[in-house]
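Peer 1: Same order as they appear, the protein sequences are chains S and G. Reading the first sequence from the start, the letters are residues 589 to 800 in our numbering. Reading the second sequence from the start, the letters are residues 589 to 800 in our numbering.
Protein chains: 2
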Amino acid sequence: MRIGELSRRTGVPVPTVKYYVREGLLPAGELTSPNQARYGELHERRLRLIRALIDVGGLSVAAVRDVVAAVDDGSRSVHKVLGEATDPLVPRHPEGPDDEALAGARERVAALVAEQGWRVDAEHPSAVALAETLAALERAGHGAFAEVLGEYAAAADRVAEADFDHVGRRVELEDLVESVVVGTVLGDALLAALRRMAQVHRSSRLYDDTRD
Amino acid sequence: MRIGELSRRTGVPVPTVKYYVREGLLPAGELTSPNQARYGELHERRLRLIRALIDVGGLSVAAVRDVVAAVDDGSRSVHKVLGEATDPLVPRHPEGPDDEALAGARERVAALVAEQGWRVDAEHPSAVALAETLAALERAGHGAFAEVLGEYAAAADRVAEADFDHVGRRVELEDLVESVVVGTVLGDALLAALRRMAQVHRSSRLYDDTRD
Numbered sequence: 589m590r591i592g593e594l595s596r597r598t599g600v601p602v603p604t605v606k607y608y609v610r611e612g613l614l615p616a617g618e619l620t621s622p623n624q625a626r627y628g629e630l631h632e633r634r635l636r637l638i639r640a641l642i643d644v645g646g647l648s649v650a651a652v653r654d655v656v657a658a659v660d661d662g663s664r665s666v667h668k669v670l671g672e673a674t675d676p677l678v679p680r681h682p683e684g685p686d687d688e689a690l691a692g693a694r695e696r697v698a699a700l701v702a703e704q705g706w707r708v709d710a711e712h713p714s715a716v717a718l719a720e721t722l723a724a725l726e727r728a729g730h731g732a733f734a735e736v737l738g739e740y741a742a743a744a745d746r747v748a749e750a751d752f753d754h755v756g757r758r759v760e761l762e763d764l765v766e767s768v769v770v771g772t773v774l775g776d777a778l779l780a781a782l783r784r785m786a787q788v789h790r791s792s793r794l795y796d797d798t799r800d
Numbered sequence: 589m590r591i592g593e594l595s596r597r598t599g600v601p602v603p604t605v606k607y608y609v610r611e612g613l614l615p616a617g618e619l620t621s622p623n624q625a626r627y628g629e630l631h632e633r634r635l636r637l638i639r640a641l642i643d644v645g646g647l648s649v650a651a652v653r654d655v656v657a658a659v660d661d662g663s664r665s666v667h668k669v670l671g672e673a674t675d676p677l678v679p680r681h682p683e684g685p686d687d688e689a690l691a692g693a694r695e696r697v698a699a700l701v702a703e704q705g706w707r708v709d710a711e712h713p714s715a716v717a718l719a720e721t722l723a724a725l726e727r728a729g730h731g732a733f734a735e736v737l738g739e740y741a742a743a744a745d746r747v748a749e750a751d752f753d754h755v756g757r758r759v760e761l762e763d764l765v766e767s768v769v770v771g772t773v774l775g776d777a778l779l780a781a782l783r784r785m786a787q788v789h790r791s792s793r794l795y796d797d798t799r800d
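(1) Are any of the Cβ atoms in chain S nearer than 8 Å to that of Y608(G)?
(2) Taking G612(S) and V602(S) to be in contact with their CB atoms under 8 Å, please state how far apart those CB atoms are, rounded to whole angstroms.
(3) Anything in chain S within Cβ reach of P679(G), meaning under 8 Å, just list it in chain order.
(4) Sort out for me which residues DSSP pairs R626(S) with in a bridge.
(5) Using three-state DSSP, classify M589(S) as helix, strand or coil.
(6) What would DSSP say about G601(S), mapped onto helix, strand or coil?
(7) Which word fits R793(G), buried or exposed, when buried means at least 16 other C-beta atoms lie within 10 angstroms of its C-beta?
(8) Does DSSP classify P713(S) as helix, strand or coil?
(9) Start and end of the alpha helix (DSSP H) containing D745(G)?
(10) If we count Cβ pairs, one from each stretch, closer than 8 Å, do we get three or more for the segment 622-633 of chain S versus the segment 757-776 of chain G?
(11) Nearest chain S C-beta to S595(G) closer than 8 Å, yes or no?
(12) For D643(G), count neighbouring Cβ atoms within 10 angstroms of its own Cβ and tell me buried if that reaches 16, exposed if not.
(13) Buried or exposed, going by whether 16 or more other CB atoms sit within 10 Å of the CB of Q624(G)?
(14) Could you have a look at A781(G) and say whether DSSP puts it in helix, strand or coil?
(15) Quick one: Cα of D800(S) to Cα of G756(S), how far?
(16) I'd like to check one pair, V736(S) with A673(G): are the Cβ atoms closer than 8 Å?
(17) Counting beta carbon pairs with one atom in the segment 716-736 of chain G and one in the segment 764-781 of chain S, are three or more of them shorter than 8 Å?
(18) Does DSSP put D800(G) in a helix, a strand or coil?
(19) Using the three-state DSSP reduction, which class does D776(G) fall into: helix, strand or coil?
(20) Can you grab the Cα-Cα spacing for the pair L782(G) / E683(S), in whole Å?
(21) Can you tell me whether P676(G) is buried or exposed, with buried defined as 16 or more other CB within 10 angstroms of its CB?
(22) Can you give the Cα-Cα distance for R790(G) and L700(S), rounded to whole angstroms?
(23) Which runs of the alpha helix (DSSP H), 4 residues or longer, sit entirely within the segment 657-687 of chain S?
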């Protein structure tokens, strides 16, 4: 197909497609004449991945370049490629002080990882984010909230299982990476909304004296 | 106690305490002389609630005024007070178009609420946020991700149960509201980090060819 058709199919404007080619995110089309190129399904799939990373994941063009390089590097495991695509998506906390609260939280995270048998490094961005949030709870005088951690971890494990059941049906690496990025970002929003709905329901059951 | 002691105990600077009194968030202290007032435990508890709503929940001073008015209004059910405090905490999505994707998403949310037996209005901010997120998935070509919805809802329900088991130990209404606000906001961050950790673990098990 020509660049105009590629643009129509993916919803990405022609100048943006050209920019991605110049920036090395998208391979150039096959030249059919000195100023005309042909694009194929590979380009279409790659463009969808790029848009998911930028629009949904909020990644920078430089970060996208790293992800597509990882996708194209046949020597990297799928696990490594997924890490490259999703590590930048871990919500960053304003880093708190390196105090006792943080030290205690890090120990708690290590204990949780051991309990769950999770293969996750203590320095992984997600483990660091968890420790920072636990430390913030402690500093706000709500350290006792960490008692829910085991239940939360069980729920998160169940969610991750559903996530991978879903994405496991993807055959192409690019489709897999795209699905994981979209599912990671929008899945957090789904989960937060559902948690709020379940809370509203429980609050109504427990505390609504006015209901019939 | 004097205002200086109240400030030390809560970490809220004296001018900020005075500002909250002027704005009607905090009751004035009991005058012991023309320019000295005495504050009690009630003020300390109220100040902690105000700081949790502003620092953790990100509420405006006007929204905090509504919450404390609801706390002080003995005629309102605890359910209504919790709604007043937490409805503004539902993450807002950039509103999408009112298209077929949104109509389908709203139907899906209504069906889910019925299945779960949740007492949640279709116009509640959390139900609207869920529909908007499902519509965004559909528009991004990932509508199939909604298949995970049942598993997500079950996990969210489990988390909400843990949340209310935790806050149910609070006796004072202000402590309850404070706990719910802190737990709602930081709980989302905990859950997102744990989901990421569980995903890393599953990715490693499924896709890491390099592990021993």
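Beta carbons: idealized from backbone N, C-alpha and C, even for Gly. No experiment lies behind these values; they were computed from the predicted model shown.
Peer 2: According to the data block:
(1) Answer no: the Cβ-Cβ gap between Y608(G) and chain S never drops below 8 Å.
(2) That pair is no contact at about 18 Å.
(3) A777, A780 and A781
(4) Here R626(S) is bridged, per DSSP, to E618(S).
(5) coil
(6) With the sequence shown as reference, residue 601(S) is identified as Pro, and Gly is not the correct amino acid for it. In the structure shown, P601(S) sits in coil (DSSP, three-state: anything other than H, G, I, E or B).
(7) exposed
(8) In the structure shown, the three-state DSSP call for P713(S) is helix.
(9) L737 to V755
(10) Judged by Cβ distances under 8 Å, the segment 622-633 of chain S makes no contact with the segment 757-776 of chain G, as fewer than three pairs qualify.
(11) Answer no: the Cβ-Cβ gap between S595(G) and chain S never drops below 8 Å.
(12) exposed
(13) That one is exposed.
(14) helix
(15) Low local confidence applies: a pLDDT of 48 at D800(S) is under 50, so the model's placement there is unreliable, and no value is given.
(16) no
(17) yes
(18) For D800(G), the predicted model reports a pLDDT of 48, less than 50, meaning its position is unreliable and no value from the coordinates is stated.
(19) In this structure, D776(G) counts as helix in the three-state DSSP scheme.
(20) 18 Å
(21) Label assigned to P676(G): buried.
(22) 16 Å
(23) 666-674
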